[in-house]
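Scroll down for the structure; my scribbles are underneath it.
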Amino acid sequence: MREAFLLLLSGDAETWGVVERSVRFSLMSTFFALLSGLPVGILLSIGKLPGKRFAVSAINALTAVPTVVIGLSAYSLISRSGPLGGSGWLFAPPGVVLGQSFLAFPVVASLTYAGLAKLDPRFRETIVTLGAGPFLRFLATMREARTVLIAAAVAAFGRVTGEVGVSMMLGGNIRNLTRTMTTAIALDAAKGDFERALSLGFVLLLIALAVNIAIHFLNTSGA
Amino acid sequence: MLYEVANVTLRYGKETVLAIPSLTVDKGDHVALLGPNGSGKTSLLKLLDGLLVPTEGRILKKGKPIGKNRKETPRSVYLHQFPYLLNGSVGYNVAFGCRAVGVSERETRRRVRNAMKALGLEDLSGKSHASLSGGETQRVALARALACGAEILLLDEPTASADAVSVRLIERALVQAEAEGATIIFSTHDEDFARRLTARTIRLRNGRLDDAEGRES
């Protein structure tokens, strides 16, 4: 344990490089998940769409799909024989980000929908009666539900930071290129390099703790 | 004629919550809707604002069906019995209606100042919506409606959660709005309040007009 902390405190380039890459991939995939998940969540919460119930159930179900299944789906897209086979994303950072975005998308869409559905019905009537057009209604809704939306982003970030299946399957755990904290822990533990695995585990634990504290704080501060 | 209601029915499933054969309201009228809880006062106000759509019948405003374009004049604003204030300061809330209809920032500031003065809110501009009392909330919501320049005020029990001071300020602001030509239609259980503000009352019971006073030919 002592060696693990020393590894972190000594500023070991390899260890911190993995941490930096993990956080970078997670931030990028959270961004893309927000880009796609927010509109879907908003559409489901305000629109009277055919099949809405089914769509909500499907998105909720997707939040619980194992990461390797998501990884496999993305793999089939970007592998040589897949529709995006020519992109060269497999075993490269874009492949990991794509897979993690798939993973985070239902988290964002589901939490956005749930948060917006809980908004007081008087809110919509108030902005409508005051004459707000569609764009101002959208902005006002985002402002009103901002804590919910931030919580969705934080939860998505937490989900992708801690996953291993997608990163391993689509990134290939390549040193200095696609190795993330979780894939590095798996490899280091298998090699018997417990100090590095523990040090990365400690960083992951801290991130998970920070994410949970942030979600708890946002949930208790209300939408 | 400002409003013309003809053979309007509002149903939720099989339940008829409102059935008005005929009703008219002229520009500048001051109308009090009286009646027990569940008599259809809120539904009628929301129908007049276009927030609800009648199951049957028609409601014309200035001879035209109530459309979705909220910027069409004369503009109406509906106020909930327990108004909803947006997350933010009192000033943000009062200015929201002006910004919603594209009033310039300079004019918005002027209108907000006047509306807040009319309702005794000058000192609360920076205060958060969450820290207001029931009466202050009512006053902020009314100031918001006045500031955005609505010519028709549809008020659902505007003094329901207000203390004596707030009632007095709300009453004063409504009298001023009346003097400036606003049409005010409000529901209330307070007949004295209705008497002080209005020359005409419409009584509702079980979703139907209850007496000859409100019945129109």
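First to last, the sequence lines map onto chains L and H. With the numbering used here, the residue at position 56 of the first sequence is 56, and numbering never jumps. With the numbering used here, the residue at position 97 of the second sequence is 320, and numbering never jumps. Positions of the beta carbon are idealized from the N, C-alpha and C atoms, including for glycine. No experiment lies behind these values; they were computed from the predicted model shown.
query	result
Assigned secondary structure, residue 173 of chain L (DSSP; H/G/I helix, E/B strand, else coil)	coil
Interface flag, residue 254 of chain H vs chain L, CB-CB below 7 Å	no
Residue 200 of chain L vs residue 181 of chain L beta-carbon contact at 7 Å	yes
Beta-carbon proximity list for residue 329 of chain H, same chain, < 6 Å, skipping 5 on both sides	none
Whole-angstrom distance between residue 140 of chain L and residue 449 of chain H, CA atom to CA atom	Past the boundaries of the shown model lies residue 449 of chain H; chain H is included only from 224 to 440, so the question cannot be answered.
Beta-carbon proximity of residue 110 of chain L to residue 59 of chain L, cut-off 7 Å	yes
Proximal chain H residues relative to residue 217 of chain L, where beta-carbon distance stays under 8 Å	Near residue 217 of chain L there are no residues of chain H at all, since even the closest Cβ is about 17 Å away, more than 8 Å.
Per DSSP, cross-strand counterpart(s) of residue 288 of chain H	H/283
Top-ranked residue by Cα proximity to residue 68 of chain L, from L/162, L/194, L/213	L/162
Close Cβ partners of residue 22 of chain L (< 6 Å) along its chain, the five nearest in sequence each way excluded	180, 181
Coil, strand or helix - residue 230 of chain H by DSSP	strand
Where the region 319 to 341 of chain H meets chain L: residues whose CB sits under 8 Å from a CB there	319, 320, 322, 323, 324
The region 185 to 200 of chain L in contact with the region 242 to 254 of chain H per 3-pair CB rule at 8 Å	no
Where residue 373 of chain H falls: helix, strand or coil (DSSP)	coil
Where the alpha helix (DSSP H) containing residue 297 of chain H begins and where it ends	No alpha helix (DSSP H) contains residue 297 of chain H, which DSSP labels as neither H nor E.
Backbone secondary structure at residue 409 of chain H - three-state DSSP	strand
Inter-residue CB distance, residue 144 of chain L and residue 429 of chain H (contact presumed, cutoff 8 Å)	With a Cβ gap of about 36 Å, residue 144 of chain L and residue 429 of chain H do not count as contacting.
Closest Cα partner of residue 338 of chain H within the set H/267, H/399, H/378	H/399
Span separating the alpha-carbon of residue 414 of chain H from that of residue 208 of chain L	60 Å
Residue 425 of chain H - partner residues in DSSP beta bridges	H/256
Contact set between residue 352 of chain H and chain L, taken where Cβ atoms lie within less than 9 Å	Chain L residues near residue 352 of chain H: none, gap ~11 Å exceeds 9 Å.
Nearest candidate by alpha-carbon position, reference residue 300 of chain H, set H/259, H/280, H/270, H/332	H/270
Interfacial residues, the region 250 to 275 of chain H to chain L, with Cβ spacing under 7 Å	272, 274
Closer than 7 Å to chain H by CB, residue 132 of chain L	yes
Closer than 7 Å to chain H by CB, residue 129 of chain L	yes
Beta-ladder partner(s) of residue 243 of chain H, from DSSP	H/231
Helix, strand or coil at residue 329 of chain H according to DSSP, with G and I counted as helix	helix
Environment of residue 364 of chain H [buried if 16+ CB atoms lie within 10 Å]	buried
Nearest-angstrom Cα separation, counted from residue 358 of chain H out to residue 227 of chain L	The requested residue 227 of chain L is not part of the displayed model; chain L covers only 1 to 223.
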